[in-house]
Structure formats: C-alpha cells, structure tokens
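Quick note: the sequence shown, position 112, residue 112 per full-length UniProt numbering, numbers continuous.
Working notes for the structure below.
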Amino acid sequence: MNAIGKPPVAVERIAPVDASEDIDLRQIFTMLWRRRYLMAAVVVVLSVLGVMAINSIVPRYTATTALLLEVKNNNIIAMDSFEPGLSKDSALIRSQMDILKSRALARRVVDKLDLEQDPEFNFALQPFEPGLLTRTGLVKLFPEPLRSRFEEKPIDPTLIPPEIIESAVVGSAVSKLGVFNDGKSYTVLLTYQSEDPAKAALIVNTFADMYLTAQFENKYQAVERASAWFEQKSEELRQRVVEADRAVQLYREQNNIVTVNGNTLANNQLGTLSSMQIAARAKRSAAETALREARDLARNPARDAANATPAVWTTPLLQSLRQEMHTLNTTLAELRTTHRPTHPDVVNANARLKQVQTQLTQELQSSIQRLEAELGAARAEERELDSKVADAAKTNEAGDRASIVLRQLENEADAARSLYKTFLEGAGRISVQLDAPGADASILSRAERPLGPSYPQRTILMALTLVGAILAALALVLVVEFLDHGYRAPEDVEQKLGLPVLGMVPQLRRLGTGEHPSLTAIKEPLGQYAEAVSALRTSLTLAPAERRPRVVMVTSAVPDEGKTNVAVSLARLAAAAGKRVILLECDLRKPTIARVMANAGRRPDVGAAGLAEVIQGEHDLSQVLRVDPASGMHYVPAGKRIRFAVELLSSPRTQMLICDLATTYDMVVIDTPPVGVVLDALVLAGMADATLLVVRWGRTSRHLVSSAVAKLAGTGTRISGVVLSRVNIKKLARYSRTQAPAKYQQSYFPS
C-alpha cells in the first residue's frame, strides 16, 4: 500500500522475450544500414591500403620444366625371386624428387651459374635497407644501451665467412625450387620463381641439366664399381667351385664310392639280393603248402582230392587218377539213386573206386618224397640268401653314411656353381651398361621465359582484399553493436526488461539561452519535448479515476540520466495544464532543484531550508514551499545536506507528509536519488502510486538498468514503466521499427 492507502498503479508487465530464439533478418539489415557510413569508411580504407600493399609487392615469375623419369629395375642381379610382387615405383619417384630438392644438386647449379655474385641470392650484395625505427629516426629517442641494440647499420661483406654466404645462397636457390608429381605418372614438374623471368627459365633448366648430368655420372660410377666388384667376386666364386668339385672327387676316392645311374654298387647289389630273397621265400612257402596238402590227401584221398591245390597234381598219372576217381564218384552217385547197394553195377563201381584210391595213395607217397626234397632245397637256398642280404646290408650301411657326407659336398658344389653362374650373367649385363651408359630421366619440355608474373595474382588478391575489408567492416559493426550496452529502442526495453516504455523525452539542443528544458516545454507547448512529456503524463492518467496515480516517484539507475529534468518537466506541464502539482526533492545528498528553478529567473537559494527541515520538525511546510512563476507548480527543495538520509526518509513523518500532500494536490512528483547508488529510492518506492525509471537513451548500461529493476522488485515495488531520456530523434528510427522517422515528425513539430 502507498502513503494514501491505495494500491500502486498496476501496469501490465510485458514478458521478456529471448532474442536467441529466432533471428530477425530485418533487424540485422537495420543494424547494417545505421552503421553504413562506418562500414563504408572501413571498406574504403582497407581496400585502399590493400591495393597499395598489392602494388608494392615485387612481382615474381615462375618457369616450369617437365622431366620424365624412367623408373625401371637397374639391379645387376635380378631380385624378383626374393621380393615377389613388390612395387617400388612410388618410392623411386619420391627418391628422385628428393634428389632434385637436395642441396648437393643446388650447389652444382650455384657453381654453374655463379649465383654467389647475384644479389637476389647473396644477401651480402643486397643494398642496405634500414628498418622502420631507423628510417623514421625513432631509434635516436632510445637510451644509449638500447639504441645500439636496435639501430641498424650496414654489414661489411668481408666480415662474413665464405661458408655462411655459400650456405645461404644454396638455401635460397633450393627454397625457390618446386618439385611436383601427380602420383599417377612418371612426369615430374620443376618450377622456379625469380624476380627476373629470364633468370627463372635459366635456373630451372640448369637444375634439369645438372640433374641429368649427376644421374649420368652416378650411374657410370656405380657401374664401374659394380664391374670391379663383380670381377673380384666372380674369381672368388670360381675358386670356390673348383675347390668344391675337388673335395667331392677326393671323398669318392677315399671312400671307394662308385655310382651307377645315381646309386652306389653296394646299394644296387643289396637291391638284387633282396629281390632274390623275396623269390626264395615265396618258393619255400609254396613247397610247404604243396607238401602239406599232399600229406592230407594221402591220409584221406576220397575227401581232400577235390580241394587239393594244383601243386599236388604234378604228374600225369596223379592227374589221370584224380579224373578217374571223380568220374567214378559221379557214376556211383547216379547208380545209388536207381539201384540197391547189392546191385552188380554198384558193387563193381565201388570195387573200382577203391582200386583207384589205392593207386592214388601209392602215387602220392612218391610225390610226397619228391616235395620234401624240393622243400629242403628251397629252405637251403633261403638261408643262403638271408646270409648274403645281411652281409650286403652291413656293407651298404657304411656306404650310406659316406653318401650323406658326399651329398653335402655335392650340394655345396652345386650352390657355388649356381651362384657363380648368376654372377657371370650379372657381369654380362654390366658390360652392356658400360658400353652404353645413360641417365634414368629425360627432359619432356624445357622452360621458356614466362610472359607474365605468377605472383602476386592481383585480381584474386584485390578480390580477397575487398572481401576481407567487407568482413572486417561487418566484424567491426558487430563489435560496436556488442559494445553498445545502452537502450536505443522501446522494443529493446520491453524485450529485455519486460517493462513498457511510457515516454521518450528528446534531447534538446541548447542555443546558449541557459534555460531548463522544462521551461522550453512551457514556452513551446507544440514542440517535440512538450509533446513527449505530455505523452508521459497521459500514460500515467489512463487508469480509471479511482486508480490514477497521485504520488509519482521518478528515479534512475545511475546519476546523470535526466531524471530531475523528467520530474521537473512532468510537474511543470501538469501544473500548466491546470492541475495542482507539487514537486518534492528527496535527493537529500545531492540537491539540484534550487539551481534548476534559478534558471527561471529566481536567485539560487542553495542551502536554504527545505524538505529535510520539514521532516525533522524544524520548519513548517508553508515556510519552505515555493511556487514556480512559469507554471504555477509548487515545489519543495531538499534543504540542507544530511548524513542519515535513509533513516530520515523512512521515518513516519515522511510518510505522513506525503500522505497529506496526496490528499491536497492532484499529483505529487518525487525526485529521488539513483537506485544503483543509494537506497533512498527503495525506501520511498513503497510510498508512491507509480514509479518511473528514467534511462538515458543509448548510454546507460543494460546491466545497471537490470540491476536497478531487480533492486526495486526486491522491495515489492511494481515499476509503472520506463522513460527514455535525451533521445536523439533523428537516429531513433534507425533502431526502432515502431517510431516514425524524423522527416515525418518535422511537419508536426517545427524547430
């Protein structure tokens, strides 16, 4: 509740908008448009500087020579069997490119063209160019110890060691050489940059010539070294082959090793005896089988005759008896099926069968004796062959041990012979290379004098300069906008603070009259300033009659915001409109109302009694009350300065005074100190119906304003709105989309 028991004016708070949610392209273009002069100045200055810098660059010319590398296998001994499928093209091309960029090749070019006498390469021959400090003479301003350190003087070339000059010249020659390969061909491009186009072509061609010469010399020397090495190595290998063959022959003689078709005699003899042993064992086994079957047949001719092996039937008689016995058995079987056993034919057949069996048994006995004799002979032959095979095996075992050593000697001899043959083939290839040595590269195209410079590319650099200047201008605009912490448009206030902008008081140009802006509003009621203050007063009185604010507190975040001007102007215009208005100066620490009123023709009564004395009870209100002759406004100055302003303003007497004035006057305007400096305004805010926060246009930091709003909100104060003071009307339309440009306002508000 305020001093007169009414709730503060309820002004609807606008919800702050997060500006990061969307990007307003129109706002961006508006920002660029209002900074167009800054952007144009930056672009012009940077472009001019860029063009001057580009024109000051010494042009350089690039000459190009193309080399074709003959990448092939130059090994004297083919190594394909040792490195199957291994491609070395990339490595060989890379190696040749390194040779082209080597300092050794560059030193040859330097010696060939005598580049040590060229100032472009020899820094000792270049004219002395002092630095910026020496040219401008600023180095003379330094004290003596520093002057000798920064002052540049010419160097005597005779004092520089020759090896340093040579190294620098070679390094300069290498640094300007470019070697390139596309990775898809054997073509290598040599490029060279120089300030002289003819010199660029000459040097790059000399690099190519020196490279080919070096390749030729290196290859010839390598072939000569390889030839000498091959001759020496071939002789060593030949001696090794002779010694290996001699060792094989000597070992044969010492161990009586004679070979036939790759085998020794002992091995061949053992094979023959083994074959005979196998045949004897088969013969003995067959004899044993025949003898065993013959004995079985002799014991039972009738049963075993059919199953006996052919070896038993060795004589024609045995075969005849066997056939006859088989026939009789068949006949007897047929007769038994048709006749009785006592039948004469059956009896005769049985008698004849027994007779044949008796003859067969007798003949088998003779055959058994013969088979026994054959078996004995077979066994004797087998024993004899077993003994011979055993003796031959012992002899062959000793020969095998000797053959192992012999095979080792033969393998060594074969390896030495194969290596010797390979070296002889390599020696043949060397002789061919000695007859026709050549470089492993050729020149596809020689460099010609360039027609135009390759650096700088002025068109591209100028385009880049222009683009860079534009980007720099944009960056500068963004920095300026980022550093601009003030509020310049009502939309910004509503977006950031969520508070409405109740008024925008323009900046008045002082024409040397020294009168206060509020007095100008009285004298020029149709002017922009008067209209702005009237709009502010109207915004405060739009509420219903029972809720219209009667006590209005005017404060700011920091000093020098124009809050006193707003308070005085609001009170004067309200009084001029016929309202009973009183202005209370509650800034007891730094009072200014007395000086402001003096501009209206009154003598400044600084230090006279005022509000402080009334609250303390030293004077009555009627004793300190003053009247503005220009508008009829009543006002009470602060009075004397006191130390304990917060305690005084928060006293019940202050609240009672404001309450009494609110019932007497139509409007009580309270001018308070800044919220961000002292706490006086926070104490008085609870006694006011409406609180106005004055913010200086484009100057007051947004952080300070937000802090002031937070402090007021912390005391429960509802800020009615924000007043932008000292607004530049001409520039306002550049920042606000809701404000009419100044050219439209001039027709209504003539200057």
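Glycine included, every Cβ here is placed at the ideal spot set by N, Cα and C.
These figures come from a predicted structure and were not determined experimentally.
By the three-class DSSP mapping on this structure, what secondary structure does residue 203 have?
helix
Cβ atoms of residue 702 and residue 505: under 8 Å apart, would you say?
no
For the beta strand (DSSP E) holding residue 726, just list the boundary residues, first then last.
721-727
Am I right that residue 551 and residue 658 are in contact with their C-beta atoms under 8 Å? What's the rounded C-beta distance?
6 Å
First and last residue of the alpha helix (DSSP H) that includes residue 459?
458-483
Can you list, in chain order, the residues of its chain with a C-beta nearer than 7 Å to that of residue 339? Leave out the 5 residues immediately preceding and following it.
345, 346
Beta-carbon spacing of residue 575, residue 632 below 8 Å:
yes
Report buried or exposed for residue 325, applying the criterion of at least 16 other Cβ atoms within 10 angstroms of its Cβ.
buried
Among all the DSSP beta bridges, which residues are the ones paired with residue 455?
60
Return the chain-ordered list of same chain residues with a C-beta closer than 7 Å to the C-beta of residue 661, the five sequence neighbours on each side being excluded.
582, 668
Between residue 93 and the rest of its own chain, which residues show a CB-CB distance below 8 Å, the 5 nearest in sequence each way excluded?
69, 71, 181, 186, 188
For residue 296 and residue 271, the rounded distance between their alpha carbons:
38 Å
Are at least three pairs of beta-carbons, each pair with one atom in the segment 468-478 and one in the segment 226-241, less than 8 Å apart?
no
Neighbourhood of residue 564 by C-beta, 6 Å cutoff - its chain only, sequence neighbours within 5 removed:
592, 671
Straight-line Cα distance separating residue 482 from residue 57:
36 Å
Taking the alpha carbon of residue 711 as the reference point, which residue from 279, 288, 40, 555 has its own alpha carbon closest?
555
For a quick check, are the C-beta atoms of residue 241 and residue 417 less than 8 Å apart?
yes
Where the alpha helix (DSSP H) through residue 716 begins and ends:
Here residue 716 belongs to no alpha helix (DSSP H), and DSSP marks it neither H nor E.
May I have the straight-line CA-CA distance separating residue 371 from residue 385, to the nearest angstrom?
21 Å
Compute the distance between the beta-carbons of residue 791 and residue 104, then report whether it is under 8 Å.
This structure cannot settle anything about residue 791, because the visible part of the chain is limited to 1 through 751.
Among the candidates 474, 557, 469, whose CA atom is the shortest distance from the CA of residue 487?
557
Going along the chain, which residues of its own chain have a beta-carbon closer than 8 Å to the beta-carbon of residue 678, five neighbours each way excluded?
589, 645, 646
Which word fits residue 522, buried or exposed, when buried means at least 16 other C-beta atoms lie within 10 angstroms of its C-beta?
buried
Going by DSSP, name the residue or residues bridged to residue 667.
581
In chain order, what residues of the same chain lie with their CB nearer than 6 Å to the CB of residue 126, ignoring the 5 residues before and after it?
119
Closer than 8 Å is the cut-off here; do at least three beta carbon pairs connect the segment 59-66 with the segment 190-199?
yes
If you reduce the DSSP assignment to three classes, tell me which class residue 211 lands in.
helix
Residue range of the alpha helix (DSSP H) that residue 121 falls in?
Residue 121 -> no alpha helix (DSSP H), and no H or E assigned at all.
Hey, how far is the Cα of residue 571 from the Cα of residue 28?
40 Å
Can you give me the Cβ contacts of residue 81 inside the same chain, cut-off strictly under 6 Å, excluding the 5 residues immediately before and after it?
At residue 81 the pLDDT is 39, less than 50, meaning the model places this residue with poor confidence and gives no usable figure here.
DSSP-derived helix/strand/coil call for residue 50
helix
Bounding residues of the alpha helix (DSSP H) (the contiguous stretch that carries residue 625):
Taken as a continuous stretch (DSSP letters only), residue 625 belongs to no alpha helix (DSSP H), as it is neither H nor E.
With DSSP as the reference, identify every bridge partner of residue 443, one or two as the case may be.
67
Could you spell out where the beta strand (DSSP E) holding residue 556 opens and where it closes?
551-556
Cα-Cα separation, residue 753 to residue 492
The structure shown has nothing for residue 753, since the chain only spans 1 to 751.
If you draw a straight line from the C-alpha of residue 518 to the C-alpha of residue 536, how long is it?
14 Å
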